[in-house]
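K.L.:
Numbering (the working numbering), first residue to last: 20 to 571. Following this message is one structure expressed as C-alpha cells.
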C-alpha cells in the first residue's frame with residue numbers, strides 16, 4: 020500500500036470537503052432549499068401561462084436563439100426543467116451535487132439571455148418569466164422585470180458565497196454588497212429615457228409653386244431602449260417591444276379610441292406621429308430589421324391597409340451606428356416594389372369590397388421606376404450626452420406633374436383627374452414639412468406610461484387573429500392605466516378564444532347553409548332531368564303494344 024503525506028492531507032482536506040461533503044453549512048442548505056421553492060414556483064407559473072394560452076391559433080413566433088423551436092416550446096422546456104430542479108433542490112438541499120445543479124441552471128439562463136441580447140432581442144419589460152403571477156398579484160410589468168433580476172442576483176450571490184469558500188462571517192458583507200448593487204441591476208434594462216419636444220411646420224404647394232396651405236403642430240416624444248411614446252395634437256402612438264398602439268384622444272370625448280398590433284413599425288399611423296417616429300424612434304425598427312430596412316413604408320399612407328405605402332424602396336444612411344437614427348432617406352419606386360406592393364408583410368388581408376380595388380391594382384402602370392416620391396434629411400444635429408439627435412429635419416413629398424388638375428394652381432375648368440400613367444415622369448414638390456426640436460432632456464426611469472395614457476379607452480386589438488376563421492381583432496375597454504395590455508395576456512387570449520369560437524360557429528353555419536343551398540340547386544337541376552327521363556320512358560312503346568305482322 021502506498022503511503023500518503025500527512026501534511027498534504029491536512030492542507031487539502033478543507034478544500035475537498037467544501038466540494039464533496041454531503042453536510043453543507045446550514046445557511047447553504049437554507050439557500051438551496053429556498054432556491055428550490057423559487058424554481059418550482061417559476062415552473063408552475065410557466066405551466067399556468069401555457070395552459071391559459073393553449074387554444075390556437077395563437078401568435079407563436081420562432082425563438083430568436085433556437086429558431087427551429089417556437090417560443091411556447093422553449094417555455095415548456097424551461098418549465099419542465101425548473102419543476103425538476105425545484106424538486107431535486109428541495110429534497111437534496113444538503114447533498115454535495117445540489118449547488119452544481121443550481122449553478123448549471125443559472126449559467127443556462129444567463130447564457131440564453133446573453134444570446135438574445137447579442138442577437139438583437141432586448142429583455143423587454145414584462146418578459147413572461149413569471150407567467151401569470153404578476154396579473155394575479157397585481158404587479159406592474161416593470162416591477163415584475165425587476166423581480167426577475169433580483170432572483171438572478173440572489174442566486175449569483177449565494178453561489179459566489181458557496182464556491183468562493185466564504186465563511187458565515189463573510190455572508191453579511193456579501194449581502195451588503197448585493198444590496199448596494201441591487202438598484203443598479205434592477206434598473207439596468209431601462210434606467211433612463213429621452214424626453215423631446217418640438218414643432219412641425221407643414222406647407223402644401225400647387226404645381227406652379229404657389230402655396231396652398233400652411234399648418235403648425237407641436238409634438239412630444241419619449242423614447243427608451245425598447246419603448247417609445249409620441250403625441251401630436253389628438254394623435255397618440257406608443258410601443259413596447261414588438262407591440263405598438265395607435266390612439267386618438269379628443270379631450271371633449273369621454274372615451275379614447277385605440278388600435279393594437281404586433282411589429283416594430285406603427286402600421287396605422289400617418290403624418291402627425293410618423294414624422295417624429297422616423298426622426299427619433301425608428302432606431303428600434305432598424306435594430307430589429309437589419310436585413311429588411313429597405314422595406315420601410317412610405318410616410319403619408321397607412322401601412323396596414325394601403326398597398327401604395329409599399330410601392331417604394333427606402334434608401335437610408337444613418338447618423339451613427341449606435342442609435343441607428345436615419346440621416347437621410349429616399350423613397351424611390353422600383354419595378355420589384357411596384358409589382359409586390361400588395362404582397363407586403365405589413366398589410367392585412369382586405370376585409371371590405373372597396374379595399375380589393377387597391378390590393379389588385381397594377382402599380383407598374385401608375386408610377387415610373389426610379390421616381391423619388393418622398394425624401395427625409397437631417398438639416399442640423401445636436402448632442403445629448405453621447406447621443407446625436409436631429410435638431411431640425413425636413414420631409415419633402417413629390418407628385419407627378421399634369422396628373423391633378425385641381426392642384427395646377429391655375430384657373431382651369433373643373434374636370435375629372437387625368438388617368439394615372441407611368442409616362443408622367445416629371446414631378447413637383449407637393450408638400451414640405453420642417454421638423455424642429457425645441458427641448459431635449461434625459462429623464463431617469465422608464466417611460467411613464469401610467470400617467471401618459473388616457474383612460475377609459477376602447478381598444479381594437481389585432482395581435483391575435485385567425486384568417487381561417489375570419490377573426491381579425493378583439494375589442495375591449497381599458498378602465499385604468501394598469502389595464503393597458505402591453506403584451507398579450509391570459510385575458511386577451513380568453514377574449515380571442517371566445518371570438519374564435521363565435522367565428523367557428525358562424526363559419527360552420529355558413530358552410531351548412533351553403534351545403535343546403537347546393538343540395539337545393541342539385542335537386543332543382545335533377546328534378547327536370549328526372550321528369551324528362553320519366554316521360555321519355557312512358558312515351559317509348561312497350562313490346563306488348565307493338566303490332567305483330569299477320570301470319571300468311
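Built from N, CA and C at the ideal position, the CB exists for glycine as well. Quick caveat: nothing in here was measured; it's all calculated off a predicted structure.
Kindly indicate which residue of 507, 336, 245, 277 has the alpha-carbon position closest to the one of residue 253.
P.N.:
The residue you call residue 253 lines up with position 234 of the chain shown. The residue with the shortest Cα to Cα distance from residue 253 is 277.
K.L.:
I'd like to know if the region 354-364 and the region 512-522 are in contact, where contact means that at least 3 CB-CB pairs between them fall below 8 Å.
P.N.:
The region 354-364, when compared against the region 512-522, does not touch it at the 8 Å Cβ threshold.
K.L.:
Run through the DSSP bridge pairs and tell me what residue 235 is partnered with.
P.N.:
Counted from its first residue, the chain shown places residue 235 at position 216. Answer is 220, bridged to residue 235.
K.L.:
Evaluate residue 318 with the Cβ neighbour count: other Cβ atoms within 10 Å of its Cβ, from every protein chain shown; 16 or more gives buried, anything less gives exposed.
P.N.:
As a working note, residue 318 is residue 299 in the chain shown. With 16 or more Cβ atoms within 10 Å of its Cβ, residue 318 is classed as buried.
K.L.:
Residue 51 to residue 103, Cα distance in whole Å?
P.N.:
Here the question's residue 51 lines up with position 32 in the chain shown. Here the question's residue 103 lines up with position 84 in the chain shown. Those two C-alpha atoms are separated by around 14 Å.
K.L.:
Taking residue 288 as part of the beta strand (DSSP E), name the residues at either end of that continuous run.
P.N.:
Counted from its first residue, the chain shown places residue 288 at position 269. First-last for residue 288: undefined, no H or E at that position.
K.L.:
Going by the DSSP bridge assignment, what does residue 258 pair with across the sheet?
P.N.:
Residue 258 sits at position 239 when you count from the first residue of the chain shown. According to DSSP, residue 258 bridges with 247, 263.
K.L.:
Going by C-alpha distance, which of 235, 273, 303, 231 is nearest residue 248?
P.N.:
Counting from one through the chain shown, the residue named residue 248 turns up at place 229. Cα-wise, what sits closest to residue 248 is 303.
K.L.:
Could you tell me which of 58, 231, 301 sits nearest to residue 241, measuring between CA atoms?
P.N.:
Position 222 of the chain shown, counted from the first residue, corresponds to residue 241. Nearest C-alpha to residue 241: 301.
K.L.:
Does the beta-carbon distance from residue 243 to residue 478 come in below 8 Å?
P.N.:
What you label residue 243 is simply residue 224 of the chain shown in a count that begins at 1. What you label residue 478 is simply residue 459 of the chain shown in a count that begins at 1. No, the pair does not count as a contact, with Cβ atoms beyond the cut-off.
K.L.:
Quick check: the Cα distance between residue 582 and residue 101, rounded to an integer number of angstroms?
P.N.:
Here the chain has residues from 20 to 571 only, and residue 582 is not among them.
K.L.:
Going by DSSP in three states, residue 402 sits in which element: helix, strand or coil?
P.N.:
Taking the chain shown and counting its residues from 1, the one referred to as residue 402 is at position 383. Residue state, collapsed to three classes: strand.
K.L.:
For residue 573, count the other beta carbons within 10 Å of its own beta carbon; 16 or more makes it buried, fewer makes it exposed. Which is it?
P.N.:
Because the chain spans 20 through 571 in this model, residue 573 falls outside it and cannot be assessed.
K.L.:
In the DSSP assignment, find the beta strand (DSSP E) that holds residue 281 and state where it starts and stops.
P.N.:
For the purposes of this step, residue 281 is identified with residue 262 of the chain shown, where counting begins at 1. Per DSSP, residue 281 belongs to the beta strand (DSSP E) from 275-281.
K.L.:
Counting pairs of Cβ atoms below 8 Å between the region 365-377 and the region 310-328, do you hit three or more?
P.N.:
Output reads yes: the region 310-328 touches the region 365-377.
K.L.:
Please go through the region 341-367 and give each complete alpha helix (DSSP H) segment of 4 or more residues, from N-terminal end onward.
P.N.:
Taking only runs of at least 4 residues, the alpha helix (DSSP H) segments lying wholly in the region 341-367 are 354-358.
K.L.:
First and last residue of the alpha helix (DSSP H) that includes residue 529?
P.N.:
Mapped onto the chain shown, residue 529 falls at position 510. 509-558 is the extent of the alpha helix (DSSP H) around residue 529.
K.L.:
What does the Cβ neighbour count give for residue 177, buried or exposed, with the cut at 16 atoms within 10 Å?
P.N.:
Numbered from its first residue, the chain shown carries residue 177 at position 158. Buried: at least 16 other Cβ atoms inside 10 Å.
K.L.:
Where does the unbroken alpha helix (DSSP H) through residue 90 begin, and where does it stop?
P.N.:
Position 71 of the chain shown, counted from the first residue, corresponds to residue 90. 90-110 is the span of the alpha helix (DSSP H), which, as asked, contains residue 90.
K.L.:
Consult DSSP for residue 500 and reduce its assignment to one of helix, strand or coil.
P.N.:
Start at 1 with the first residue of the chain shown, and residue 500 comes out as number 481. Residue 500: helix per DSSP, three-state reduction.
K.L.:
I need the boundaries of the alpha helix (DSSP H) containing residue 334, first residue and last residue.
P.N.:
Looking up residue 334 in the chain shown gives position 315. Here residue 334 belongs to no alpha helix (DSSP H); instead the beta strand (DSSP E) covers 331-337.
K.L.:
Is it the case that the region 331-346 contacts the region 396-409, given that we only count it when at least three CB pairs across the two stretches are under 8 Å?
P.N.:
Contact between the region 396-409 and the region 331-346 is present, because at least three Cβ pairs lie under 8 Å.
K.L.:
Starting from the C-beta of residue 459, find all residues in its chain whose C-beta is less than 6 Å away, skip the five residues before and the five after it, and write them out in chain order.
P.N.:
Walking along the chain shown from the start, residue 459 turns up at place 440. The answer, listed in chain order, is 215, 403.
K.L.:
CB residue 499 to CB residue 480, shorter than 8 Å?
P.N.:
Residue mapping note: residue 499 aligns to position 480 of the chain shown, counting from 1. Residue mapping note: residue 480 aligns to position 461 of the chain shown, counting from 1. No, they are not a contact pair.
K.L.:
Opposite residue 393 in the DSSP bridges: which residues?
P.N.:
The count along the chain shown starts at 1 and reaches residue 393 at position 374. Bridge partners of residue 393: 350, 416.
K.L.:
Use the C-beta contact count for residue 264: other C-beta atoms within 10 angstroms, 16 or more gives buried, fewer gives exposed.
P.N.:
Taking the first residue of the chain shown as 1, we reach residue 264 at position 245. Buried, since its Cβ has 16 or more Cβ neighbours within 10 Å.
K.L.:
Taking the beta strand (DSSP E) that residue 450 belongs to, which residues open and close that run?
P.N.:
In the chain shown, residue 450 corresponds to position 431, counting from 1. From DSSP, the beta strand (DSSP E) with residue 450 extends over 446-463.
K.L.:
So, at 6 Å on beta carbons, what are the nonlocal neighbours of residue 410 in its own chain, with the 5 sequence-adjacent residues on each side left out?
P.N.:
Start at 1 with the first residue of the chain shown, and residue 410 comes out as number 391. Once the five neighbours on either side are set aside, the close Cβ partners of residue 410 are 399, 400, 401, 456.
K.L.:
Sorted by chain position, which residues of the same chain lie with C-beta nearer than 6 Å to residue 558's C-beta, five sequence neighbours on each side aside?
P.N.:
One-based indexing of the chain shown puts residue 558 at position 539. Closer than 6 Å at the Cβ level, and outside the excluded window around residue 558, lies no residue.
K.L.:
In its own chain, which residues sit with a C-beta less than 6 Å from the C-beta of residue 185, not counting the 5 before and 5 after it?
P.N.:
Walking along the chain shown from the start, residue 185 turns up at place 166. For residue 185, the pLDDT reaches just 47, beneath the cut-off of 50, and the residue's location in the model is therefore unreliable, although a value from the coordinates is still provided. So the list is empty, once near-sequence residues are dropped.
K.L.:
Could you pull out every residue in the same chain whose Cβ sits closer than 7 Å to the Cβ of residue 97, ignoring the five residues on either side in sequence?
P.N.:
Residue numbering aside, residue 97 sits at position 78 when the chain shown is read from its first letter. Closer than 7 Å at the Cβ level, and outside the excluded window around residue 97, lie 65.
K.L.:
Where residue 373 and residue 485 are concerned, what is the direct C-alpha to C-alpha distance, given to the nearest angstrom?
P.N.:
Here residue 373 is taken as the residue at index 354 of the chain shown, counted from 1. Here residue 485 is taken as the residue at index 466 of the chain shown, counted from 1. Approximately 22 Å, taken between the alpha carbons.
K.L.:
What's the C-alpha gap between residue 376 and residue 354?
P.N.:
Here residue 376 refers to the residue found at position 357 when the chain shown is read from its first residue. Here residue 354 refers to the residue found at position 335 when the chain shown is read from its first residue. Distance between the alpha carbons of residue 376 and residue 354: 20 Å.
K.L.:
Does DSSP classify residue 226 as helix, strand or coil?
P.N.:
For the purposes of this step, residue 226 is identified with residue 207 of the chain shown, where counting begins at 1. Coil.
K.L.:
Considering only residues of the same chain and omitting the five flanking positions on each side of residue 320, which have a CB-CB separation below 6 Å?
P.N.:
Position 301 of the chain shown holds residue 320. Hits under 6 Å: 327, 328.
K.L.:
Assuming contact is defined by CB atoms lying nearer than 8 Å, are residue 449 and residue 412 in contact in what I supplied?
P.N.:
Counting from one through the chain shown, the residue named residue 449 turns up at place 430. Counting from one through the chain shown, the residue named residue 412 turns up at place 393. Against a cut-off of 8 Å, the Cβ pair of residue 412 and residue 449 comes out as no contact.
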